[in-house]
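A quick write-up on the structure given underneath.
There are 2 protein chains.
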Amino acid sequence: MGKAGITVSPLAPASFPDLPRIAGVEFASAAAGVKYQGRTDLTLIRIAKGAQIAGVFTRSATRAACVLDNQAKLAGGGDAPDGAAIIVNSGNANAFTGARGQESVDAVTGAVALALGLPATNVYSSSTGVIGEPLPHERIVDSISDLVGRLDPAGAADAARAIMTTDTFPKGASAVIAAEGGEIRITGIAKGSGMIAPDMATMLVYIFTDAKISAPLLQDALTGGLGSSFNAITVDSDTSTSDALLLAATGQSPAAEILSLDDPAGRAFTRALHGVMRELAHLVVRDGEGATKFVEIRVTGAASDEDAHKVASAIANSPLVKTAIAGEDANWGRIVMAVGKSGAAADRDRLTIRFGDMVLAENGWRAPDYDEQAASAYMKNQELLIAVDMGMGQGAQTMWTCDLTHGYIDINADYRS
Amino acid sequence: MGKAGITVSPLAPASFPDLPRIAGVEFASAAAGVKYQGRTDLTLIRIAKGAQIAGVFTRSATRAACVLDNQAKLAGGGDAPDGAAIIVNSGNANAFTGARGQESVDAVTGAVALALGLPATNVYSSSTGVIGEPLPHERIVDSISDLVGRLDPAGAADAARAIMTTDTFPKGASAVIAAEGGEIRITGIAKGSGMIAPDMATMLVYIFTDAKISAPLLQDALTGGLGSSFNAITVDSDTSTSDALLLAATGQSPAAEILSLDDPAGRAFTRALHGVMRELAHLVVRDGEGATKFVEIRVTGAASDEDAHKVASAIANSPLVKTAIAGEDANWGRIVMAVGKSGAAADRDRLTIRFGDMVLAENGWRAPDYDEQAASAYMKNQELLIAVDMGMGQGAQTMWTCDLTHGYIDINADYRS
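One line per chain: the protein sequences are A and B, in this order.
1 is the number of the first residue of the first sequence in this note's numbering; add one for each residue after it.
1001 is the number of the first residue of the second sequence in this note's numbering; add one for each residue after it.
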């Protein structure tokens, strides 16, 4: 349950999906009382021997100790012949906690390594929640033997709940693809609803697959999907100090090994992985703090992809655009404003603005058949498309965002996390 | 009176200041019914023969027709031997109105030129309000002869009211300096409360002085003050399509001509001008939409001034920082987050964060004598100082902003302008 009387986002899916189990991946969750009471806040994930690990992380200059630790460990290459583990707590981000931050990471990952008989260099960790408070890591360490005793291949749904902070619903997505020799499964969970404007990664995301694939190829497949998923969403333009995405492949599928991302098997895997990534990214937006509208911003015709990204970001992050959407006001003048401030090359007279299928503005002015009533009626939809064609070139970028409402203020004006 | 039941910002000064008249400058305001009813919405300003004009404008790629027209006219050099005029309407921005936008500017400035016997190239104009609606310029043209008949050197206060849109109070500031031969006066008015993150200029600002100074020197004095005034404020990170600042010098002061900005007379004038600019900029923040707190963000010790500006902007524009301030929550973790995302060179362990005189965080963690109660008590002040020392070098930037409240949502979720 969220804060400030909010129960579940109106944009939430009807139910948590039935996630396929991934051979070689087990989960256990517990209530360690790190900060929250009466709910789970700790998840241990064990990944079997022979795993390959990839990851992306926030580029924040003030990133948390666990993020720095994960990056250092992954710099070793991501090959985990002895297996690997991930331990995640919610309630405390262990960020800006000085030297003590790394001590906590060492204590927690060391305890997991000992309990599972793994090298500590293969134990990754995440912490999410309040910044600047010391992590009571002994509460986590004390819970580990209990967690180890309850590891379960069906535990992903519980894990998706345990990693939540201001999230109002757990987030999961999956894909199953037919491949030579058998099927390949991908299952992912994510958390995030505020402080969302990722840069290189996002929030907390854990994706697992049984595909046989080397860590370098896995990393390439992951990185290639960021631009159309986690790097294409924004809730409030703020970037977390804890953003991390870990992707583990167990190689236990009967399907043949993926040896290239450019052959049919590699392409099918990459497409399915990117689909799971995009779905998880959309779920984060759907749980945007206070969100009542899910908005796709589709920019085309920019002078470059970089310009398209600037324009899409400027629109998606503009408080005036986001409040107009909250108010169901077809205020396309604010789109013009955001295009103008974006820094991208623009020519007023070549700009076309569409809401859904309706052309609102073109040729430097509102469209001749502009219909205010129809535009206002469109804004009442829960899912909106705002399309901007710059008329300058071939650059394109699609982003997803939500509206800015009283709910956002309620959650953030009195919530210390 | 503002929208959404808001009367006057709690941060407003007790009263409008008594602005000194500037010899050679007259004002007249009227209710032309451009959009608003029951209030003035049109101001004509006449500047006497021999004036020198300077200006700065928004760099938005979708700037309004009147901004483009002013820029083209000022490109001629700002020397106005025949005098000059400024005509300003509120209620309609004449922005994104295609070719018709320039036609409206020509109609309005042409009518003023005819009525005052001036070349149209010396008639500047501003429009502020809704974007994308055709400007009913005939209502403005029809009011001009009435305005000409009522021009008054004491009309600045009325003008400050007529140019308001969502502003909740009129804004004026002035300075009088003793100079060789007599005093020099400076009087300015401004409007702006939302869509405020200026880039090169801001909102609508008109400043007048009786100083004897050439247009190029006047322009230099103006440009030199932007970094510590209008380019150092933000309300909501959105940049107007209509931002304009015009500065006119009539030369009618008995004081000696200013021949250099580097001699004592030039320095005194520049200092006074920059003071007026800063005061007007602060007033805009004090009227920030929904604002209840006036916040100074003081960044020092950055690797460069550019880095300091990045950090100050990231803090001042962060919705999470601004909602924490609204909630009177001393959430310095969000300051760490904003520093991290700013893109500036940062070292967690060299960062010092102060709220007022209190050190909250230093050496990579919260300060040893951090006192949550004292920090919370500090946040109840209406005026706040957040100081960040980066510990990296000599770069510095101070910015001013306000909090993000339910009032901002109220005003912008249902106000088409």
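Just so it is clear, CB atoms sit at the ideal spot from N, CA and C, and this is done for glycine as well.
Within chain A, the C-beta atoms nearer than 8 Å to that of R1063 of chain B come from G340, in chain order. The three-state reading of DSSP puts S1126 of chain B in strand, counting E and B together. Taking CB atoms only, G1110 of chain B has no neighbour in chain A less than 7 Å away. Shown in chain order are the members of the stretch 1386-1414 of chain B whose Cβ falls below 9 Å from a Cβ of chain A: D1403, L1404, T1405, H1406, Y1408, I1409, D1410, I1411, N1412, A1413 and D1414. Taking every protein chain shown into account, the CB of E372 of chain A has fewer than 16 other CB atoms within 10 angstroms, so this residue is exposed. A residue is called buried when at least 16 other Cβ atoms come within 10 angstroms of its Cβ; A179 of chain A meets this threshold and is buried. With respect to chain B, the C-beta atom of T241 of chain A has a partner C-beta closer than 7 Å. When rounded, the separation of the alpha-carbon atoms in S1104 of chain B and L1135 of chain B is 7 Å.
For the options B:L1283, B:D1082, B:T1040 and B:A1061, the alpha carbon positioned closest to that of Q1052 of chain B is the one of B:D1082. Rounded to the nearest whole angstrom, the C-alpha separation of L1385 of chain B and T128 of chain A is 28 Å.
If the five residues before and after A1316 of chain B are omitted, its C-beta is found closer than 7 Å to the C-beta atoms of T1234, I1297, M1399 and T1401, all from its own chain and listed in chain order. For F169 of chain A, the CB contacts under 7 Å within the same chain, skipping 5 residues up- and downstream, are V8, S9, A12 and D287 in chain order.
Of all alpha-carbon atoms in A:M379, A:T165, A:A54 and A:Q397, the one lying nearest the alpha-carbon of N92 of chain A is that of A:T165. Going by C-alpha positions, I163 of chain A is about 16 Å away from I144 of chain A. Of the residues B:A1028, B:K1049 and B:A1107, the one whose Cα lies closest to the Cα of A1065 of chain B is B:A1107. In this structure I1087 of chain B touches S1125 of chain B by the C-beta definition: roughly 5 Å separates them, less than 8 Å. In the DSSP assignment, Y1206 of chain B is bridged to B:I1189 and B:L1246. The straight-line gap separating the alpha-carbon atoms of I411 of chain A and T187 of chain A is approximately 30 Å. Of the candidates B:D1146, B:Q1037 and B:F1230, B:F1230 places its Cα closest to the Cα of K1191 of chain B. Residues of the stretch 1129-1140 of chain B with a C-beta atom less than 7 Å from some C-beta of chain A are V1130, I1131 and G1132, listed in chain order. Here M1358 of chain B is bridged, per DSSP, to B:F1355.
Taking 8 Å as the upper bound on Cβ-Cβ separation, chain A lies near no residue of the stretch 1026-1038 of chain B. Per DSSP, the beta bridge partners of A179 of chain A are A:G182. In the three-state reduction of the DSSP assignment, L404 of chain A falls in the coil class. With its beta carbon at least 7 Å from every one in chain B, M277 of chain A lies outside the interface.
Taking a 10 Å sphere around the C-beta of S1260 of chain B, we find fewer than 16 other C-beta atoms and assign the residue as exposed. Under the 8 Å Cβ criterion, the stretch 147-164 of chain A counts as touching the stretch 39-54 of chain A, having at least three qualifying pairs. In its chain, beyond the 5 residues on either side, P134 have a beta carbon closer than 7 Å to the beta carbon of R100 of chain A. Between the stretch 375-395 of chain A and the stretch 347-363 of chain A there are three or more inter-stretch CB-CB distances shorter than 8 Å, so the stretches are counted as touching.
CA-CA distance, M337 of chain A to S304 of chain A, rounds to 20 Å.
Within the model, the alpha-carbon separation for Y1378 of chain B versus H1406 of chain B is close to 22 Å. Chain-order list of chain B residues neighbouring A361 of chain A: F1096 and G1132, by C-beta distance under 8 Å.
Taking C-beta atoms as the reference points, A85 of chain A and G181 of chain A fail to come closer than 7 Å.
For S376 of chain A, the closest Cβ of chain B is not nearer than 7 Å.
Contact between T1323 of chain B and A413 of chain A is confirmed by a C-beta separation of about 5 Å, below the 8 Å threshold.
In this chain, I131 of chain A is not harboured by any beta strand (DSSP E), its DSSP state being neither H nor E.
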